[in-house]
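Visitor:
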Amino acid sequence: MNADFARMKQDFGASIVRMYYPMCLEPSVFENALKAGVANDMAVIFQVWTDFGNSDEWKQSQQAIYDVLESPEYGPIAPYVVHSADFGSEPIFDGMDGGGEQFIADLALFREKLNSYGIRAGISEIWDHPGIMSGEGNTGLAEIGAGVKANSDYCHAHIMPYYDTSVSINETWPYILEQIEWLDQNVGLPTMITETQWAWARNKGHAVNRSDLSVTQYAQYWDKFNDMCATFKEFDVGWFLHTWRGEGTFDIMYENGTYVIPPRHFTRC
């Protein structure tokens, strides 16, 4: 982790690392992320593992985070390094903890616990989910979406034009901007786009019917994020490059450790 954090910061100017599906259920995975954050002067977003809603392993993952915060070694420094903690990535979409009223109740408890340590909490989720997160026709918030908002300190949003095959690479920015505006109007919490992606070739694990997948178009996608700095500043929205490695052709890094696009420091707004 320490080596990866160092490369992210040196080569791309990263300041925050978002943990993504930490399948390890031991406190050590969060301890190591915390240590890497300290060593590289970077913040970390902890995340509860959802197991895609297939089990109750989220409880072990949650406890691992609690163990770190309660540790005499790591607890005192955690509030200065842990930017926030997500009660799952797409937990509603995956049906973690039932994905309904019980989930909202447990989110509230998670938030209360994290807040007691001076750390903000929420979830990382698709808000463009009519009838569940958003209202029918994307008008306002649905009941679950309203429950998530009421029990969150922020909005960590997944805005993913890659999966909407009616949207070409050249049409991705209007799609993204529309969702940013919707979040601003309907959620109104401090917002970061924690998942957005493009693929530089067919992605076996996330295959869609697209012909506009190449290294050139991958670079175009991320260049546009950099170019729209003023808009992100206007809406006070941050964003993450997803992913560093581990998700096939979404990754910014090839399997041999070289980069898909040249290193550059993205504009800080």
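If you count by full-length UniProt numbering, then the sequence shown holds residues 1 to 269, one letter each, in order.
A virtual CB, placed ideally from N, CA and C, is assigned to each residue, including glycine.
Keep in mind that this is a model prediction, so the values were computed, not measured.
On the CB-based measure, 16 or more other CB atoms within 10 Å of its CB, does Arg-111 come out buried or exposed?
Guide: When all chains shown are included, Arg-111 counts as buried.
Visitor: Helix, strand or coil for Gly-88, going by three-state DSSP, please let me know.
Guide: In the structure shown, Gly-88 sits in a strand (DSSP, three-state: E or B).
Visitor: By DSSP's criteria, Arg-18 is part of a beta bridge. Which residues make up the other side?
Guide: According to DSSP, Arg-18 bridges with Ile-45.
Visitor: What does the alpha-carbon distance come out to for the pair Leu-34 and Val-215?
Guide: For Leu-34 and Val-215, the distance between alpha carbons rounds to 33 Å.
Visitor: If you pair each beta-carbon of the region 6-15 with each one of the region 51-66, do three or more pairs fall below 8 Å?
Guide: No: the two stretches stay apart, fewer than three of their Cβ pairs being nearer than 8 Å.
Visitor: Kindly identify the DSSP beta-bridge partner or partners of Tyr-141.
Guide: A small correction: the amino acid at residue 141 is Leu; Tyr does not occupy that position in the sequence shown. Answer by DSSP bridge pairing, in chain order: Ser-134.
Visitor: On the three-state DSSP scale, how would you describe Glu-125?
Guide: The answer is strand: DSSP assigns Glu-125 an E or B state.
Visitor: Are the region 102-111 and the region 147-167 touching by the rule of at least three beta carbon pairs closer than 8 Å?
Guide: They touch, by the three-pair rule.
Visitor: What residue from Lys-113, Val-29 and Trp-244 has the CA that sits closest to Ala-6's CA?
Guide: For the residues Lys-113, Val-29 and Trp-244, the minimum Cα distance to Ala-6 belongs to Trp-244.
Visitor: Along the alpha helix (DSSP H) that carries Cys-229, what are the first and last residues, could you check?
Guide: Start and end: 229-235.
Visitor: Tell me where the alpha helix (DSSP H) around Met-8 begins and ends.
Guide: Segment 2-12, the alpha helix (DSSP H) holding Met-8.
Visitor: Just reading off the alpha helix (DSSP H) that Thr-172 is part of, what are its end residues?
Guide: Residues 172-186.
Visitor: Check whether the Cβ atoms of Ala-157 and Ile-119 lie closer than 8 Å to each other.
Guide: No; because the gap between Cβ atoms is not below 8 Å, this pair is not in contact.
Visitor: Helix, strand or coil for Ile-65, going by three-state DSSP, please let me know.
Guide: Looking at Ile-65 - three-state DSSP - the assignment turns out to be helix.
Visitor: Following the continuous beta strand (DSSP E) through Glu-255, name the residue where it begins and the one where it ends.
Guide: No beta strand (DSSP E) contains Glu-255, which DSSP labels as neither H nor E.
Visitor: Taking the alpha helix (DSSP H) that Ala-105 falls in, what are its first and last residues?
Guide: Unbroken alpha helix (DSSP H) run through Ala-105: 101-115.
Visitor: With distance defined between alpha-carbon atoms, name the residue in Glu-171, Arg-202, Glu-143 and Arg-268 nearest to Val-237.
Guide: Minimum Cα distance to Val-237 is reached at Arg-268.
Visitor: Can you list, in chain order, the residues of its chain whose CB lies under 8 Å from that of Leu-25, leaving out five sequence neighbours each side?
Guide: Cβ neighbours of Leu-25 beyond the five flanking positions: Trp-49, Glu-57, Gln-60, Ser-61 and Ala-64.
Visitor: DSSP on Val-82, reduced to helix/strand/coil?
Guide: Correct three-state label for Val-82: strand.
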